[in-house]
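K.L.:
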Amino acid sequence: MAHKYSLHAVYFCTGCGIIEIPPVITARWDAERFGVIPVPTPRQGNLFMITGYVSVKTLEAIIRSYEQMPDPKYTVGFGSCPINGGMYWDSYNTIKHLDKYIPVDGWIAGCMPRPEAVFIGVTHLWTLIDKGKADGYLRYKKNYASYRKNQEALFGELGWPPLYELPNWKKEETISKR
Amino acid sequence: MNETLKKELQSTFNGVEIVDIHETRTAIIVPSVSVPVVLRKLKESGLNRLSLLSCVDWIGDGKFEIVYILTSYMQNDDEYTPNDEWHVFLKTKIPRDHASLKSAIDIFENAEPYEREIHELFGVHFDGHPRLTPLFLTQKYEVPPFRKDFDTRQYVKDTYDAIPMVED
Amino acid sequence: MTQVKETAKNEVQRELEMYFGPQHLGMVGNFSITLTVQGDRIVKAAANPGYLHRGFEKLMEYRTWIQNFPLVCRVNVVEPDHMEMIYSMAVEKLAGIEVPERGHYVRSIYLELARVGSHLFGLWAYANMLGFDTVAQWAMYHRDLILDLFEALTGGRVYHIYIWPGGVRRDFPKGFKDKIVSTLHQIGGCVPDYDDTFFKNRLFYDRAHGIGKLTAEKAQRLGATGQTLRATGMKYDIRKVEPYAAYDTVEWEVPTRTDGDAYSRIWVVRDEMIESVHMIFKLLEGMPEGPVFNRPPNPLRWNIPSGEAYVRCESSRGELGCYIVSDGGDKPYRVHFRTPSYPHGLTILEDVLVDASVADVGNTMISLYVVAPEIDR
Chain A
89 MAHKYSLHAV YFCTGCGIIE IPPVITARWD AERFGVIPVP TPRQGNLFMI TGYVSVKTLE
149 AIIRSYEQMP DPKYTVGFGS CPINGGMYWD SYNTIKHLDK YIPVDGWIAG CMPRPEAVFI
209 GVTHLWTLID KGKADGYLRY KKNYASYRKN QEALFGELGW PPLYELPNWK KEETISKR
Chain B
1330 MNETLKKELQ STFNGVEIVD IHETRTAIIV PSVSVPVVLR KLKESGLNRL SLLSCVDWIG
1390 DGKFEIVYIL TSYMQNDDEY TPNDEWHVFL KTKIPRDHAS LKSAIDIFEN AEPYEREIHE
1450 LFGVHFDGHP RLTPLFLTQK YEVPPFRKDF DTRQYVKDTY DAIPMVED
Chain C
207 MTQVKETAKN EVQRELEMYF GPQHLGMVGN FSITLTVQGD RIVKAAANPG YLHRGFEKLM
267 EYRTWIQNFP LVCRVNVVEP DHMEMIYSMA VEKLAGIEVP ERGHYVRSIY LELARVGSHL
327 FGLWAYANML GFDTVAQWAM YHRDLILDLF EALTGGRVYH IYIWPGGVRR DFPKGFKDKI
387 VSTLHQIGGC VPDYDDTFFK NRLFYDRAHG IGKLTAEKAQ RLGATGQTLR ATGMKYDIRK
447 VEPYAAYDTV EWEVPTRTDG DAYSRIWVVR DEMIESVHMI FKLLEGMPEG PVFNRPPNPL
507 RWNIPSGEAY VRCESSRGEL GCYIVSDGGD KPYRVHFRTP SYPHGLTILE DVLVDASVAD
567 VGNTMISLYV VAPEIDR
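Protein sequences appear in the order of chains A, B and C. Residues are numbered in my numbering as their position in the first sequence, beginning at 1, plus a constant of 88. Residues are numbered in my numbering as their position in the second sequence, beginning at 1, plus a constant of 1329. Residues are numbered in my numbering as their position in the third sequence, beginning at 1, plus a constant of 206.
1) For the beta strand (DSSP E) containing C/Gln244, list its first residue and its last residue.
2) Skipping 5 residues on each side, what residues in its chain have a beta carbon closer than 8 Å to that of A/Gly220?
3) When you compare the CB of B/Val1485 with every CB in chain A, is at least one pair closer than 7 Å?
4) For a contact defined as C-beta to C-beta under 9 Å, what are the partners of C/Glu423 on chain B?
5) For C/Tyr225, which of helix, strand or coil comes out of DSSP?
6) Does the beta carbon of C/Glu459 come closer than 7 Å to any beta carbon on chain B?
7) Whose C-beta lies closer than 6 Å to the C-beta of B/Ile1347 among residues of the same chain, with five residues either side of it excluded?
8) What's the C-alpha gap between C/Pro579 and C/Met440?
9) Using a Cβ-Cβ distance under 7 Å, would B/Thr1462 count as near chain A?
10) Can we say the region 190 to 202 of chain A touches the region 105 to 121 of chain A, given the rule of at least three CB pairs closer than 8 Å?
11) The beta strand (DSSP E) with B/Ser1380 in it runs from where to where?
12) What residues are listed by DSSP as bridge partners for A/Ser168?
13) Note down the Cα distance separating C/Val564 from B/Lys1422, rounded to an integer number of angstroms.
14) For the region 180 to 194 of chain A, list every residue whose C-beta sits within 9 Å of some C-beta in chain B, in sequence order.
15) Take C/Lys419 and list the residues in its own chain whose beta-carbon comes closer than 7 Å to its own, dropping the five residues that flank it on each side.
16) In three-state DSSP terms, what is C/Tyr516?
17) Distance check for C/Glu223 and A/Arg266, CA to CA, integer angstroms please.
18) Relative to the alpha-carbon of C/Leu559, which residue among C/Phe237, C/Ala252, C/Thr431 and C/Val460 has its alpha-carbon at the smallest distance?
19) From the DSSP secondary-structure annotation, give me the bridge partner or partners of C/Trp370.
20) Just how far apart, CA to CA, sit C/Phe226 and B/Tyr1489?
21) Pull up the CB-CB distance for A/Lys217 and A/Ile190, whole angstroms please, since I reckon it's below 8 Å.
22) Between which two residues does the alpha helix (DSSP H) containing A/Thr215 stretch?
23) What whole-angstrom Cβ distance do C/Leu428 and B/Asn1439 have, given they're in contact under 8 Å?
24) With C/Met485 as the anchor, note down where its alpha helix (DSSP H) starts and where it stops.
25) Under the three-state reduction of DSSP, which class applies to B/His1416: helix, strand or coil?
26) Name, please, each residue of chain C whose Cβ falls closer than 7 Å to the Cβ of B/Ile1398.
27) Go to C/His391, then tell me how far its alpha helix (DSSP H) extends in each direction, as first and last residue.
28) Does chain B have any CB closer than 7 Å to the CB of A/Asp178?
29) Look at the alpha carbon of C/Glu290 and the alpha carbon of C/Ile367, and state the distance between them as a whole number of angstroms.
30) Could you give the distance in angstroms between the alpha-carbon of B/Ile1398 and the alpha-carbon of C/Asp477?
31) Can you give me the C-alpha to C-alpha distance between A/Trp248 and C/Gly381, rounded to a whole angstrom?
32) Could you check the C-alpha separation between B/Leu1379 and B/Thr1400 for me, to the nearest Å?
33) Which residues in the same chain have their Cβ closer than 7 Å to the Cβ of C/Ser388, if we skip the five residues on either side of it in sequence?
34) Write down the C-beta distance between C/Ala320 and C/His348 rounded to the nearest angstrom, noting that I regard them as a contact closer than 8 Å.
35) Along the alpha helix (DSSP H) that carries C/Glu263, what are the first and last residues, could you check?
36) Tell whether a beta-carbon distance below 7 Å holds between A/Leu186 and A/Leu135.
Shown next as structure tokens:
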């Protein structure tokens, strides 16, 4: 599994946690010695770091970016907000559990996590990839009906067709809602 | 300048109440129909900068209080006078049901996003605003979220906690 | 969504609607702009905030006065120290609490270190956008040295929760003053390198000259503050207009330029960084001895008398203000933050992008020093 040593991280600053990503990818806490570099588009990435809390508007963008990434792909929840809501547990605009909507392979706790914690997370992800346990993308395919049902429960009608075959889906005009 | 301005306001408009909160902060309370003329008068007297447009929900009285915080830029580019510190809070109260007020955009052009936000979060309609479309929110709420009768913890329980986890 | 328009030369140019959206290498922070373009020229721009909206002001009404301190520093993630300062100033104004003199000096030194760190972060973003990657790496490295100072002082790299109503949480540890001086000498000694590589570079001038030009009259009409206003010629700085903490005890100048374009704004940022470093040295020399903290009443059972206040301070982006209303209880009744990125990112950005080229959108946005979490709160 040599691809674990060259994880391409999608450059998407989703929340508070973006403040600790530039130190991680620049000269002092160099992430490139672990093989992690940022890439501009999700079509070329295989590591998705959700840095911080996720609001409802961002979740739409996250799902679209996640579905554009090619397999095998890994998701890491960064910070304590994607785990259970964190500091904004009673906010009306942030979602509380990220793994109800997309599959997550690992979590890094902290508010903010230190750069050393990010590297421990990446090396732990390598052992999970070796053992075959980092299977978020396989779980997404297997349980796609439940994930899509949760996404539709939050947004109403989604403006894009399902990624995998769904038995009951009616093919209608798929124009983006915006 | 402050004393003459106060006398002018009190003699020209009726229903004006002036309260000194602090030595550099003064509150002027007017009825809601006089807000455009008083704003124009204050702008002509030198208070040419709108810092903030805010809204407070006094649910006990059944009214919204709209607050315009006005101050001035410096008279010339590099001299600091004590007058630069002075702020005026122009306050007015409107009823909570069918809350509406005339927009301040033709007097202060930078009031546009503040009015859009207050419309979205409190439900106040501003007449004459070119685009009162949602600014931050995407979901529909029965009660606008910043009102005091919207319980955010109950909303979280009903919406987000009701969605089940995905079982393997 | 697409319309066909005939130009004067009978060329048919379509108008397209594009999203300079949240997942973009040129976007700093989670913010999106909907552009209507014709060829390479922008016809109309509509800012689309809301990706980071948490409803802070509503959440603060559910927590007591003291429980709000760990929450309020997360409004602006790049520079949390000024958010702590403004909320603390607001609570002290309502409750009538005084800060001892050494507390004012410690707060000023802490805030100026935060300002230098925030400007280095902005320099990373801007240099990265233009393609000057070397300068971006240096800026991030020097900012990390300042975060080491914060970690020695408060225990945390990013969120410190150091300013408390009545002063600061604890005094400087032993040997901290020498650490500040040696770190600032190390950073200040690199200013000639920064100048040669970036600030006096011909390529920076060519790319930033004339971009996002604002006249003094337009900047005042649209509500600009901070570097956006000082780059048009007015010396409007809250630390001089309405001094707070220890800023009126040292001699310092407000740097300005007159052109009002992106080049001037970044040069004002550079001059401000150097002025802040000199200010820290002067404050360290003039610091008196004494306590740093006036204990407030029991914070677990603290009712503040009813009233309202509007306080303001100068953050690294412009005027940061807080309008606070209390009804005599133990929780705030209404808090409203007047953040500097609100007029810059919504009104001024939409005005300045008309008739600009698509390649300059990131350039304009980052030179206006817009930080997305401040807009959405």
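Glycine is no exception: its CB is placed at the ideal position from the N, C-alpha and C atoms.
P.N.:
So, from the data block:
1) As a first step, residue 244 of chain C must be located in the third sequence, where it is residue number 38. That run of the beta strand (DSSP E) goes Ser238 to Gln244.
2) Numbered from its first residue, the first sequence carries residue 220 of chain A at position 132. Answer for A/Gly220: no residue qualifies.
3) Within the second sequence, numbered from 1, the residue matching residue 1485 of chain B stands at position 156. Yes, contact with chain A.
4) The residue you call residue 423 of chain C lines up with position 217 of the third sequence. Per Cβ cutoff of 9 Å: no residues; C/Glu423 is ~11 Å from chain B at best.
5) For the purposes of this step, residue 225 of chain C is identified with residue 19 of the third sequence, where counting begins at 1. C/Tyr225: strand per DSSP, three-state reduction.
6) Position 253 of the third sequence, counted from the start, is the residue given in the question as residue 459 of chain C. Output row for C/Glu459: interface = no.
7) Along the second sequence, one-based indexing puts residue 1347 of chain B at 18. Lys1335 and Ile1357.
8) Indexing the third sequence from 1 puts residue 579 of chain C at position 373. Indexing the third sequence from 1 puts residue 440 of chain C at position 234. If you take the alpha carbons of C/Pro579 and C/Met440, they lie about 27 Å apart.
9) As a working note, residue 1462 of chain B is residue 133 in the second sequence. No, because no Cβ of chain A sits closer than 7 Å to the Cβ of B/Thr1462.
10) yes
11) On the second sequence, residue 1380 of chain B is found 51 positions in, with the first residue counted as 1. Per DSSP, B/Ser1380 belongs to the beta strand (DSSP E) from Arg1378 to Trp1387.
12) To locate residue 168 of chain A, count along the first sequence from 1; it is residue 80. BP columns for A/Ser168 are empty, so no partner.
13) Along the third sequence, read from residue 1 onward, the residue named residue 564 of chain C stands at position 358. Along the second sequence, read from residue 1 onward, the residue named residue 1422 of chain B stands at position 93. Looking at the two C-alpha atoms, the distance is approximately 45 Å.
14) Tyr180, Asn181, Thr182, Ile183, Lys184, His185, Asp187, Lys188, Tyr189 and Pro191
15) Position 213 of the third sequence, counting from 1, holds the residue named residue 419 of chain C. Correct list, in chain order: Gly466 and Asp467.
16) One-based indexing of the third sequence puts residue 516 of chain C at position 310. Of the three classes helix, strand and coil, the one that applies to C/Tyr516 here is strand, per DSSP.
17) Translated into the one-based positions of the first sequence, residue 266 of chain A becomes position 178. Translated into the one-based positions of the third sequence, residue 223 of chain C becomes position 17. For A/Arg266, the predicted model reports a pLDDT of 43, less than 50, meaning its position is unreliable and no value from the coordinates is stated.
18) Here residue 559 of chain C refers to the residue found at position 353 of the third sequence. With distances taken between Cα atoms, C/Leu559 lies closest to C/Ala252.
19) Here residue 370 of chain C refers to the residue found at position 164 of the third sequence. Per DSSP, C/Gly373.
20) For this step, residue 226 of chain C is matched to residue 20 along the third sequence. For this step, residue 1489 of chain B is matched to residue 160 along the second sequence. Cα to Cα, C/Phe226 sits roughly 30 Å from B/Tyr1489.
21) Your numbering for residue 217 of chain A matches position 129 in the first sequence. Your numbering for residue 190 of chain A matches position 102 in the first sequence. Note that residue 217 of chain A is Ile in the sequence shown here, rather than Lys. Not quite, the Cβ-Cβ distance comes to about 18 Å (not below 8 Å), so this is no contact.
22) As a working note, residue 215 of chain A is residue 127 in the first sequence. That run of the alpha helix (DSSP H) goes Pro203 to Lys219.
23) Position 222 of the third sequence, counted from the first residue, corresponds to residue 428 of chain C. Position 110 of the second sequence, counted from the first residue, corresponds to residue 1439 of chain B. With 8 Å as the limit, C/Leu428 and B/Asn1439 qualify as a contact, their Cβ atoms being about 5 Å apart.
24) In the third sequence, residue 485 of chain C corresponds to position 279, counting from 1. That run of the alpha helix (DSSP H) goes Ala468 to Gly492.
25) Counting from 1 along the second sequence, the entry for residue 1416 of chain B is found at position 87. In the structure shown, B/His1416 sits in a strand (DSSP, three-state: E or B).
26) Here residue 1398 of chain B refers to the residue found at position 69 of the second sequence. Per Cβ cutoff of 7 Å: Tyr516 and Tyr529.
27) Here residue 391 of chain C is taken as the residue at index 185 of the third sequence, counted from 1. It spans Phe382 to Gly394 - the alpha helix (DSSP H) in which C/His391 sits, taken as one unbroken run.
28) For the purposes of this step, residue 178 of chain A is taken as the residue at position 90 of the first sequence. Judged by the 7 Å Cβ criterion, A/Asp178 is in contact with chain B.
29) Position 84 of the third sequence holds residue 290 of chain C. Position 161 of the third sequence holds residue 367 of chain C. Approximately 7 Å between the Cα atoms of the pair.
30) Within the second sequence, the letter at position 69 stands for residue 1398 of chain B. Within the third sequence, the letter at position 271 stands for residue 477 of chain C. Rounded to the nearest angstrom, the two C-alpha atoms are 31 Å apart.
31) Indexing the first sequence from 1 puts residue 248 of chain A at position 160. Indexing the third sequence from 1 puts residue 381 of chain C at position 175. Distance between the alpha carbons of A/Trp248 and C/Gly381 is about 60 Å.
32) Locating residue 1379 of chain B in the second sequence gives position 50, counting from the first residue. Locating residue 1400 of chain B in the second sequence gives position 71, counting from the first residue. Rounded to the nearest angstrom, the two C-alpha atoms are 7 Å apart.
33) The sequence position of residue 388 of chain C within the third sequence is 182, counting from 1. Hits under 7 Å: none found.
34) For the purposes of this step, residue 320 of chain C is taken as residue 114 along the third sequence, with counting starting at 1. For the purposes of this step, residue 348 of chain C is taken as residue 142 along the third sequence, with counting starting at 1. About 14 Å; that fails the 8 Å criterion.
35) Here residue 263 of chain C corresponds to residue number 57 of the third sequence, with the count starting at 1. Looking at the DSSP string, the run of the alpha helix (DSSP H) that includes C/Glu263 is Phe262 to Leu265.
36) Numbered from its first residue, the first sequence carries residue 186 of chain A at position 98. Numbered from its first residue, the first sequence carries residue 135 of chain A at position 47. Against a cut-off of 7 Å, the Cβ pair of A/Leu135 and A/Leu186 comes out as no contact.
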